[in-house]
Amino acid sequence: MADATFSPMTDSALTLASRPRATRFRKATEEPRWFRWTLTAVVLVLLAVLVLAPLATVFVEALVKGIPAALESLGDEDALAAIRLTLTIAAVAVPLNALFGVAAAWALTKYSWRGKAFLLTLIDLPFSVSPVVAGLCIVLLFGANSAIGGWLVATGHPIVFAVPGIVLATMFITFPFVARELVPLMTEQGTSEEEAALTLGASGARMFFTVTLPNIKWALLYGVLLCNARAMGEFGAVAVVSGKIRGETATMPIMIEIFYNQYASVAAFTMAGVLTLLALVTLGLKTALEWRYADQLSASGRH
Amino acid sequence: MHIEIDEIAKEFGATAALQPVSLSIPSGALIALLGPSGSGKTTLLRILGGLEEPSQGRVLFDGVDATGMRVQDRRAGFVFQHYALFKHMTVFENIAYGLRARPRATRPANAEIGRRVTKLLELIQLPDIGKRYPSQLSGGQRQRVALARALAIEPRMLLLDEPFGALDAKVRKELRGGLRHIHDTTGLTTIFVTHDQEEAMELADLVVVMSMGRIEQVGKPADIRAKPQTEFVREFLAA
Ligand SMILES: Nc1ncnc2c1ncn2[C@@H]1O[C@H](COP(=O)(O)OP(=O)(O)O)[C@@H](O)[C@H]1O
Ligand SMILES: [Mg+2]
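Residue numbers (the UniProt record's numbering), protein chains in the order written: chain D, 1 to 303; chain C, 1 to 239.
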């Protein structure tokens with residue numbers, strides 16, 4: 001019990017919870033009571049000012065002219081098109097990225113080969129590159145002025161200023177979420193369960209679906225949720241590649257900007273409110289997952 | 001099944017895990033691969049099981065070249081060092097895994113699978129643990145479940161990597177008897193890896209002493225004790 005004194009904050013919190021109250025004594029990591037309360041109060045105030053207040057404002061502004069006005073703004077054709085587009089983009093980009101993420105994590109953890117470290121860095125690239133730069137790269141690569149882009153436009157399949165470009169940009173931005181969730185977990189799990197399945201006669205596919213997938217499913221779902229939240233909310237890269245054509249290539253975040261610039265404040269904030277609600281649903285699911293499967297998720301280096 | 005290892009070598013990049021080694025394992029024998037850590041025991045075992053491809057040489061099962069045979073087709077019952085039980089499946093499902101993985105034509109019916117799993121649970125003397133998960137078992141129980149899972153596929157040979165390595169001394173002694181019993185009742189050619197010479201000497205019919213990717217000596221325990229052939233074997237046994 002004495003060695004718990006030296007364990008980091010999170011661990012000591014865990015041991016505390018599982019120990020009867022009576023034996024509780026001060027730890028080296030535990031600050032005086034007034035300090036803890038002040039710290040907690042500061043954090044709460046900051047949260048209120050930085051997070052809750054803006055969020056509340058979104059809904060207040062959306063409903064300032066009443067619920068009917070807000071709903072009516074959503075009935076606008078361009079608004080509906082934006083919602084449809086955002087959901088479509090997420091529906092395409094998220095499953096593809098889940099697939100790529102699993103493949104990348106597999107390649108990184110189940111085999112040993114030269115250049116692994118490089119791929120690991122590459123996966124993190126979207127986190128460090130500005131979304132606007134990412135968008136510009138896609139424009140340069142596939143825009144009408146490039147060789148590929150010219151040919152694509154000529155054959156009637158433009159990528160830039162069209163839906164495929166938005167999907168590409170979104171996928172680029174959200175690529176790391178699934179892989180990053182899976183790599184630490186799969187590294188820790190190693191390959192021996194998979195090998196056991198093979199020696200027992202399972203095919204590669206059977207091994208994947210009966211052994212690998214069940215072992216990573218919660219981390220995968222978690223990564224998919226994060227990926228989805230970001231996919232629906234992405235602005236910078238999409239703003240560059242989409243051309244912001246109302247009713248065609250304007251996603252929800254882009255449409256919010258357009259409405260806002262036109263002083264259509266109710267429409268802008270209502271759309272923002274819908275996007276926020278989608279995000280809150282994701283957050284709720286994520287929290288439920290964390291709470292329910294804390295042990296399996298912590299294996300992936302969280303908490 | 002008679003196993004013939006013919007000039008097998010294995011390199012991992014620049015490191016030679018196995019120098020060319022040859023070994024003939026008679027059908028039904030209980031063999032120990034004995035040697036210090038890093039001597040290539042696991043590598044040799046994995047090559048036999050089809051989990052690793054040799055850099056050169058051949059493996060023959062009953063005289064038939066099996067070097068390129070897929071791991072799934074080898075029917076080698078493999079017990080992994082830390083057992084590698086499927087943690088999200090019950091003990092029952094773990095043992096049934098190999099039977100369920102068979103192609104439909106040769107897959108037993110559910111009732112038959114149930115019968116076989118029950119029989120295997122009796123063989124490992126843990127008849128009542130079918131509904132438990134691996135995390136609810138002791139180390140010794142896990143090892144026996146891993147053994148039962150490997151036996152379920154009606155293997156042609158049994159390969160065990162440090163089967164007693166993770167257990168405390170008392171359980172080790174008990175389970176040695178268990179492995180001997182299973183070997184004698186099934187008659188399977190059995191190869192187990194260990195770095196513990198007492199274990200090898202007590203349990204195996206034939207001991208293969210390895211060092212640095214080479215086979216130093218092959219012989220009955222008593223012969224190896226009486227006549228160590230190399231300096232290494234003498235020193236290793238003295239340790
Ligand atoms: N997958 C691998 N990649 C690189 N080197 C390996 C690999 N597996 C084993 N080795 C090396 O091969 C040698 C023999 O290893 P191993 O067969 O595991 O020995 P043992 O089981 O006797 O301890 C060691 O030097 C080990 O580092
Ligand atoms: Mg080993």
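Cβ coordinates follow ideal geometry from the N, Cα and C atoms, glycine included.
What residue from the options has the CA that sits closest to residue i's CA?
i	options	result
residue 61 of chain C	C/4, C/10 and C/92	C/4
residue 58 of chain C	C/75, C/24 and C/110	C/24
residue 195 of chain D	C/2, C/66, C/72 and C/17	C/72
residue 97 of chain D	D/176, D/116 and D/265	D/176
residue 202 of chain C	C/159, C/223 and C/230	C/223
residue 213 of chain D	C/21, C/149 and C/89	C/89
residue 260 of chain D	D/164, D/79, D/139 and D/199	D/79
residue 68 of chain C	C/132, C/81, C/196 and C/47	C/47
residue 82 of chain D	D/266, D/287 and D/256	D/256
residue 149 of chain C	C/127, C/121, C/113 and C/95	C/95
residue 51 of chain D	D/95, D/197 and D/280	D/280
residue 63 of chain C	C/221, C/228, C/2 and C/179	C/2
residue 190 of chain D	D/252, D/108 and D/274	D/108
residue 208 of chain C	C/14, C/147, C/108 and C/42	C/42
residue 241 of chain C	C/237, C/221, C/236 and C/234	No statement about residue 241 of chain C is possible, as the shown extent of chain C runs from 1 to 239 and does not include it.
residue 113 of chain C	C/132, C/152 and C/136	C/152
residue 130 of chain D	D/94, D/187, D/170 and D/201	D/170
residue 186 of chain D	D/102, D/42, D/199 and D/41	D/102
residue 156 of chain C	C/14, C/177 and C/27	C/27
Strictly under 9 Å for the Cβ-Cβ distance: is residue i near chain D by that measure?
i	result
residue 71 of chain C	yes
residue 15 of chain C	no
residue 80 of chain C	yes
residue 244 of chain C	No answer is possible for residue 244 of chain C: it lies beyond the span of chain C, which begins at 1 and ends at 239.
residue 86 of chain C	yes
residue 51 of chain C	yes
residue 3 of chain C	no
residue 38 of chain C	no
residue 105 of chain C	no
residue 153 of chain C	yes
residue 149 of chain C	yes
residue 156 of chain C	no
residue 76 of chain C	yes
Around the Cβ of residue i, are there at least 16 other Cβ atoms within 10 angstroms (buried) or fewer (exposed)?
i	result
residue 142 of chain C	buried
residue 183 of chain C	buried
residue 145 of chain D	exposed
residue 168 of chain C	exposed
residue 305 of chain D	Outside the displayed span of chain D (1 to 303) sits residue 305 of chain D, for which this structure offers no information.
residue 77 of chain C	buried
residue 83 of chain C	buried
residue 57 of chain D	exposed
residue 161 of chain C	buried
residue 12 of chain C	exposed
residue 230 of chain C	exposed
residue 180 of chain D	buried
residue 215 of chain D	buried
residue 110 of chain C	exposed
residue 191 of chain C	buried
residue 197 of chain C	buried
residue 354 of chain D	Residue 354 of chain D lies beyond the stretch modelled for chain D, which goes from 1 to 303, so this question has no answer here.
residue 134 of chain C	buried
residue 160 of chain D	buried
residue 114 of chain D	exposed
residue 318 of chain D	Residue 318 of chain D is absent from the model: chain D starts at 1 and stops at 303.
Counting only beta-carbon separations shorter than 9 Å, does residue i have a partner in chain C?
i	result
residue 257 of chain D	no
residue 198 of chain D	yes
residue 202 of chain D	yes
residue 31 of chain D	no
residue 195 of chain D	yes
residue 300 of chain D	Because residue 300 of chain D carries a pLDDT of 43, less than 50, the predicted location of this residue cannot be relied on, and the following value inherits that uncertainty. Not an interface residue.
residue 18 of chain D	At residue 18 of chain D, the pLDDT of 47 sits below 50, so the modelled position is not reliable; the number obtained from the coordinates is stated separately. Taking Cβ atoms only, chain C never reaches closer than 9 Å to residue 18 of chain D, which makes this a no.
Residues of the stretch 205–216 of chain D whose Cβ lies closer than 7 Å to any Cβ of chain C, in chain order: 206, 211, 214 and 215
Residues of the stretch 56–71 of chain C in Cβ contact with chain B at a cutoff of 9 Å, in chain order, please. Among the chains of the structure shown, chain B does not appear; the protein chains present are D and C.
Within 7 Å of chain C by C-beta, residues of the stretch 162–192 of chain D in sequence order: 192
List, from N- to C-terminal side, the alpha helix (DSSP H) runs of 4 residues or more that fit wholly inside the stretch 134–205 of chain C. 139–151, 169–186 and 197–203
Please give me, in chain order, every unbroken run of the alpha helix (DSSP H) with length at least 4 that falls completely inside the stretch 113–170 of chain D. 116–128, 131–142 and 147–154
Could you tell me which whole alpha helix (DSSP H) segments of length 4 or greater appear in the stretch 197–269 of chain D? 204–207, 213–233, 236–242 and 252–261
Please list, in chain order, the residues of the stretch 159–181 of chain C that have any C-beta partner in chain D closer than 9 Å. Residues 159.
Would you list, in chain order, the members of the stretch 98–128 of chain C that have their beta-carbon closer than 8 Å to a beta-carbon of chain D? 98, 101 and 102
Can you check the stretch 23–57 of chain C for any alpha helix (DSSP H) of at least 4 residues that lies completely inside it and give the ranges in chain order? List check, alpha helix (DSSP H) in window: 41–49.
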